[in-house]
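Residue numbers (the numbering used here): 748 to 1016.
Where a beta carbon is used, it is the ideal one built from N, C-alpha and C, also for glycine.
Please read all numbers here as calculations on a predicted model, not as lab measurements.
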Amino acid sequence: MDLPYWFRRKKVEETVPLEAYEKQIRKRPVEIIENADKNVEQIYVKFPGMNLIDVSQSNEENSTGVKKQLLKRLMEKYDIKKYSSLHTHMGDEPGSVYPSRKDISKFLLRENEQTMYIAQRNKETGKVEGYLCISKKRSFTGKPDSEKLDRDIDIYDIERGHNEFKSGLNLLAKKYNLKIKYLPEENFAISSFLDEGKFVDKDNLERKLKKIYPLIATLGFLCGLFFLSTNITGNAIANLTNKTTSFLGTGLLIIGLIVGFFWLRGRNR
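1. Whose C-alpha, out of 976, 824, 812 and 796, is nearest the C-alpha of residue 835?
2. For residue 750, is the classification buried or exposed, using 16 other Cβ atoms within 10 angstroms of its Cβ as the cut-off for buried?
3. Can you give the Cα-Cα distance for residue 795 and residue 826, rounded to whole angstroms?
4. Near residue 761, what residues of its chain come up, given a Cβ to Cβ distance below 7 Å and the 5 sequence neighbours on each side ignored?
5. Look up residue 776 in the DSSP assignment and say whether it is helix, strand or coil.
6. Mind checking residue 904: buried by the 16 CB within 10 Å criterion, or exposed?
7. Can you name, in chain order, every residue of its own chain whose Cβ lies under 7 Å from the Cβ of residue 855, other than the five neighbours on each side?
8. Once the 5 residues before and after residue 773 are set aside, which same chain residues still bring their CB inside 8 Å of it?
9. State the Cα-Cα distance for the pair residue 844 and residue 976, rounded to the nearest angstrom.
10. Do you know offhand how far residue 918's Cα is from residue 847's?
11. Where residue 802 and residue 873 are concerned, what is the direct C-alpha to C-alpha distance, given to the nearest angstrom?
12. Whose C-beta lies closer than 6 Å to the C-beta of residue 862 among residues of the same chain, with five residues either side of it excluded?
13. Please list, in chain order, all residues of the same chain as residue 759 whose beta carbon is under 6 Å from its beta carbon, the five residues on each side excluded.
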């Protein structure tokens, strides 16, 4: 009679020789990640002095779990109290580098998991484009109440739904005393364009910004002239005083001129 899948999986985990992890040639984390299947998510744990260890329970494109028995055995053998985890996300969607509801919830509830890294991989090439690092400070609030955590993550989900990825994560970081770091690979940067929530090629980011520079310069210049013209003609705008319209007009005109200057300088390079 065939054993149930969950039982077979547990038996396999229990018979994996742990010595195999000790004898591996030391490799950089990026090498291990990029040599893995780019079409599925992987989960790794990192212990001091050892390579990343793949503890992925299943190989699915957008989700996976942890081999709990293997992780438990490793921690017991090496007397590990705290560990770091790393899992991969594909960088083809907005918010790719940010944790899902499930990711952040499990991280906060796991008392032994000190740091969580999310590696964003290019969907076509499998190359790592950058990492998001979330770590628990010494002042970490401790394992949260599940109901309270659900409410807090609901707010995080709402922020994610409005593409406010960074501000949503910052709210959780402030509430639970977490430290956030963005670690882009060479020639990549975290997108500041409409808060896409992922690492992007610097050249592509610059091209996007160059497209909106002329629009900002033109709007700033025209709006500035409009507000300043009311002082000349004496026409009032709503309940704004001449002093207010003059201040707004001058500010917008300066912004338009500065952005226009940098745009023209960039074009002439």
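Reading it off the structure:
1. Taking the first residue of the sequence shown as position 1, residue 835 is located at position 88. Distances from the CA of residue 835 to each of 976, 824, 812 and 796 were compared; the closest alpha carbon is that of 812.
2. For the purposes of this step, residue 750 is taken as the residue at position 3 of the sequence shown. Here the model assigns residue 750 a pLDDT of 42, short of 50, so the residue's position is not dependable, and the following value carries that caveat. The C-beta of residue 750 has fewer than 16 other C-beta atoms within 10 Å across all chains shown, which makes the residue exposed.
3. Against the sequence shown, residue 795 aligns to sequence position 48. Against the sequence shown, residue 826 aligns to sequence position 79. When rounded, the distance between both Cα atoms is 11 Å.
4. In the sequence shown, counting from the first residue as 1, residue 761 sits at position 14. Any answer about residue 761 is weak, because its pLDDT of 47 lies below 50 and its placement is not dependable; what the coordinates show is given next. Contacts found: 816.
5. Taking the first residue of the sequence shown as 1, we reach residue 776 at position 29. In the structure shown, residue 776 sits in a helix (DSSP, three-state: H, G or I).
6. Translated into the one-based positions of the sequence shown, residue 904 becomes position 157. It counts as exposed.
7. Counting from 1 along the sequence shown, the entry for residue 855 is found at position 108. 891, 896 and 923, listed in sequence order.
8. On the sequence shown, residue 773 is found 26 positions in, with the first residue counted as 1. Excluding positions up to five away in sequence, the list reads 798.
9. In the sequence shown, the residue the question calls residue 844 occupies position 97. In the sequence shown, the residue the question calls residue 976 occupies position 229. Straight across, the Cα-Cα distance linking residue 844 with residue 976 is about 47 Å.
10. Numbered from its first residue, the sequence shown carries residue 918 at position 171. Numbered from its first residue, the sequence shown carries residue 847 at position 100. So the two alpha carbons sit approximately 15 Å from each other.
11. Along the sequence shown, one-based indexing puts residue 802 at 55. Along the sequence shown, one-based indexing puts residue 873 at 126. So the alpha carbons of these two residues sit roughly 19 Å apart.
12. By one-based count along the sequence shown, residue 862 stands at place 115. Cβ within range, chain order: 831 and 882.
13. The sequence position of residue 759 within the sequence shown is 12, counting from 1. Legend: pLDDT at residue 759 = 42, less than 50; position of this residue unreliable, no value from coordinates given.
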